[in-house]
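What follows is a single structure, written as structure tokens, with notes after it.
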Amino acid sequence: QTVVTQEPSCSVSPGGTVTLTCGLSSGSISTTYSPSWYQQTPGQSPRTLIYNTNIRSSGVPDRFSGSILGIRAALTITGAQADDESDYYCMLFIGGGTWVFGGGTRLTVL
Amino acid sequence: QVQLVESGGGVVQSGRSLRLSCEASGFIFSSYSMHWVRQAPGKGLEWVAAILYDSSGQFYGDTVKGRFTISRDNSKDTLYLHMYSLRAEDTAMYFCAADFGDFKIDYWGQGTLVTVSS
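These protein sequences, in sequence, are chains A and B. Using my numbering, the letters of the first sequence correspond one by one to residues 1344 to 1453. Using my numbering, the letters of the second sequence correspond one by one to residues 485 to 602.
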């Protein structure tokens, strides 16, 4: 069973930069997994931020960027704003038509 | 604009069945893959199932394989999730989601809540 790991929580100061990561319980993440990232605020449906590792979805500010850092996928927020305070989830395509989400990271902006 | 409206949720006893529906509009439903994603109360997102645009392939997460069936009716622009042998751990908000390609989910519905009572 594939387990995708994320930091449970993270914090950033307003205007600061933060990197959230997404890893595999065994092995490394590459672009083959087509990592995507989603933002969710309490009580709302998720919003798509990044797909295919580093492509921003339509309407997503350029302060959000995606990459591969070492063996993990990464979401970087540059110049964090108060309304970036949300839960962030990565999702990987693990083949055979199946997908898996990471456990999510709760980002606090303070 | 793209709209995905889920329905069919409710309270159901453990071991029983339930069918969720998702009515799509604002795009050519028959051209795109669709997903179901769920979220247990206070927990993270869990990918449940996906179906190709023409129903030629259905795919499932390990926790629901053999108990849930995803299907679609392209003539009605509607996606379904048939859930059998429900368990308490299936209690969650179920989101319908549209996949316009490039290995991502593009649009999400508002969700329908399923509560399985023991």
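All C-beta atoms in this analysis are idealised placements derived from N, C-alpha and C, irrespective of residue type, glycine included.
- Legend: CB atoms of the region 504-532 of chain B lying less than 7 Å from CB atoms of chain A belong to residues 528, 529, 530 and 531.
- Listed along the chain, the chain B residues whose CB falls inside 9 Å of the CB of residue 1431 of chain A amount to none; the nearest CB is some 10 Å away.
- Classified as buried, residue 545 of chain B has 16 or more neighbouring CB atoms from the shown chains inside 10 Å of its CB.
- A contact is defined here as three or more CB-CB pairs under 8 Å, and the region 498-513 of chain B fails this definition with respect to the region 1400-1411 of chain A.
- Between the region 1421-1430 of chain A and the region 508-525 of chain B, the count of Cβ pairs shorter than 8 Å is below three; the stretches do not touch.
- When the beta-carbon positions are compared, residue 1365 of chain A and residue 1445 of chain A come within less than 8 Å of each other.
- Between the alpha carbons of residue 527 of chain B and residue 573 of chain B lies a gap of roughly 12 Å.
- At a cut-off of 8 Å, the C-beta of residue 1352 of chain A has no neighbouring C-beta in chain B.
- Secondary structure note for residue 1438 of chain A: its beta strand (DSSP E) is the uninterrupted segment 1430-1438.
- In the three-state reduction of the DSSP assignment, residue 1376 of chain A falls in the helix class.
- Using a Cβ-Cβ distance cut-off of 8 Å, the region 523-540 of chain B and the region 550-560 of chain B are in contact, since at least three pairs of beta carbons, one from each stretch, lie closer than that value.
- By the Cβ neighbour-count rule, residue 524 of chain B is exposed, with fewer than 16 other Cβ atoms within 10 Å of its own.
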